[in-house]
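**Q** Questions regarding the structure given below will be posed in turn.
In our numbering, the protein residues as written are 553 to 791.
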């Protein structure tokens with residue numbers, strides 16, 4: 553158990569499980585089955601791909617996280633094939649879209665961004681307890697060394713919305729900030745890069761909210777920040 557808890561991904565799974573357990577009684581049976589199905593589909597697909605193509609036996613903790621996020625944010629009233637399509641897309645994107653043998657996009661976010669392009673509604677039901685998210689999130693930010701990412705995002709997100717006369721605290725997603733934005737593999741580790749990464753997401757969130765409101769500002773801004781990652785890797789730290 554101690555070894556299990558030392559892996560921060562497993563702590564993310566525990567948090568997501570708690571958020572799901574809080575929300576499930578409110579939303580009912582379909583929501584519960586929807587989320588469980590998303591987690592199972594992502595996990596099984598990731599296991600099969602790793603076993604068949606990479607000859608690796610893994611514990612699919614990353615896929616479990618992706619499954620929770622996708623099924624917890626997609627509108628669970630959608631047809632079941634919607635969940636199947638976007639869960640599959642998330643796992644495939646992780647293995648196919650890469651730069652220097654690393655996946656560029658946060659898999660769950662890539663899938664959710666694609667969903668917004670097809671006007672699939674996102675409900676963010678998984679964001680069921682802000683206090684839990686912030687407590688766990690601060691620990692994750694410390695463990696992953698991601699405070700610069702958070703600072704970059706909040707500086708521009710808060711500033712731009714305040715200037716425009718909108719209270720950012722009424723619309724910010726703490727789940728996005730502490731769980732999705734700072735995902736380790738697709739957000740980088742360097743402090744300067746982290747601040748720039750977060751700043752791109754913060755600025756993009758505001759611009760999307762103001763000028764392209766039909767798209768979800770959070771998943772769209774993270775998609776754009778991920779898109780800049782190869783350029784940051786290539787030019788910002790070229791020596």
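Idealized CB from N, CA, C, for every residue including glycine.
Helix, strand or coil, according to DSSP, for residue 500 in the structure here?
**A** One cannot answer for residue 500 here, as it falls past the ends of the chain, which runs 553 to 791.
**Q** For residue 676, which of 628, 612, 744 and 720 has the nearest alpha-carbon?
**A** Residue mapping note: residue 676 aligns to position 124 of the chain shown, counting from 1. Of 628, 612, 744 and 720, the residue nearest in Cα terms is 628.
**Q** Note the first and the last residue of the continuous alpha helix (DSSP H) segment covering residue 778.
**A** Residue mapping note: residue 778 aligns to position 226 of the chain shown, counting from 1. From DSSP, the alpha helix (DSSP H) with residue 778 extends over 769 to 783.
**Q** Quick test of the definition: if touching needs 3 or more C-beta pairs under 8 angstroms, does the segment 601 to 610 touch the segment 622 to 636?
**A** No, they do not touch.
**Q** Could you round the C-beta distance between residue 658 and residue 613 to whole angstroms and report it? I think they count as a contact, below 8 angstroms.
**A** By one-based count along the chain shown, residue 658 stands at place 106. By one-based count along the chain shown, residue 613 stands at place 61. Incorrect: roughly 15 angstroms between the Cβ atoms, too far for contact.
**Q** In the structure shown, what three-state DSSP assignment does residue 745 receive?
**A** Translated into positions along the chain shown, residue 745 becomes position 193. Looking at residue 745 - three-state DSSP - the assignment turns out to be helix.
**Q** My assumption, with CB atoms under 8 angstroms, is that residue 752 sits in contact with residue 729. Please give the rounded CB distance.
**A** The residue you call residue 752 lines up with position 200 of the chain shown. The residue you call residue 729 lines up with position 177 of the chain shown. The Cβ separation is near 14 angstroms, so there is no contact.
**Q** Can you give the beta carbon distance from residue 668 to residue 641, rounded, assuming they're within the 8 angstroms contact cut?
**A** Counting from 1 along the chain shown, the entry for residue 668 is found at position 116. Counting from 1 along the chain shown, the entry for residue 641 is found at position 89. Residue 668 to residue 641, Cβ: 13 angstroms. No contact.
**Q** Taking all protein chains shown into account, do 16 or more other C-beta atoms lie within 10 angstroms of the C-beta of residue 671, making it buried, or fewer, making it exposed?
**A** For the purposes of this step, residue 671 is taken as the residue at position 119 of the chain shown. Classification of residue 671: exposed, given that the 10 Å Cβ count is below 16.
**Q** With three or more beta-carbon pairs closer than 8 angstroms as the criterion, would you say the segment 700 to 714 touches the segment 752 to 763?
**A** Yes, the segment 700 to 714 is in contact with the segment 752 to 763.
**Q** Among 611, 678, 686 and 583, whose alpha-carbon lies nearest the alpha-carbon of residue 631?
**A** Residue mapping note: residue 631 aligns to position 79 of the chain shown, counting from 1. Comparing Cα positions, the closest option is 583.
**Q** Can you tell me where the alpha helix (DSSP H) holding residue 714 begins and where it ends?
**A** By 1-based counting over the chain shown, the position of residue 714 is 162. Taken as a continuous stretch (DSSP letters only), the alpha helix (DSSP H) holding residue 714 covers 699 to 715.
**Q** I'd like to know whether the C-beta atoms of residue 635 and residue 589 end up nearer to each other than 8 angstroms.
**A** Translated into the one-based positions of the chain shown, residue 635 becomes position 83. Translated into the one-based positions of the chain shown, residue 589 becomes position 37. Yes, the pair counts as a contact, with Cβ atoms nearer than the cut-off.
**Q** Would you call the segment 681 to 700 and the segment 762 to 780 in contact, with 3 or more CB pairs under 8 angstroms?
**A** Result no; under three Cβ-Cβ pairs closer than 8 angstroms.
**Q** By Cβ distance, which residues of its chain are closer than 8 angstroms to residue 656, with the 5 residues on each side in sequence left out?
**A** Counting from one through the chain shown, the residue named residue 656 turns up at place 104. Once the five neighbours on either side are set aside, the close Cβ partners of residue 656 are 649, 650, 738, 778, 779, 781 and 782.
**Q** Where do the N-terminal and C-terminal ends of the alpha helix (DSSP H) with residue 678 fall, by residue?
**A** Start at 1 with the first residue of the chain shown, and residue 678 comes out as number 126. First-last for residue 678: undefined, no H or E at that position.
**Q** In angstroms, rounded to a whole number, what distance separates the CA positions of residue 639 and residue 688?
**A** Position 87 of the chain shown, counting from 1, holds the residue named residue 639. Position 136 of the chain shown, counting from 1, holds the residue named residue 688. So the two alpha carbons sit approximately 25 angstroms from each other.
**Q** Return helix, strand or coil for residue 558, following the three-state DSSP convention.
**A** Mapped onto the chain shown, residue 558 falls at position 6. Three-state result, residue 558: helix.
**Q** Identify every residue that forms a DSSP beta bridge with residue 650.
**A** For the purposes of this step, residue 650 is identified with residue 98 of the chain shown, where counting begins at 1. Per DSSP, 655.
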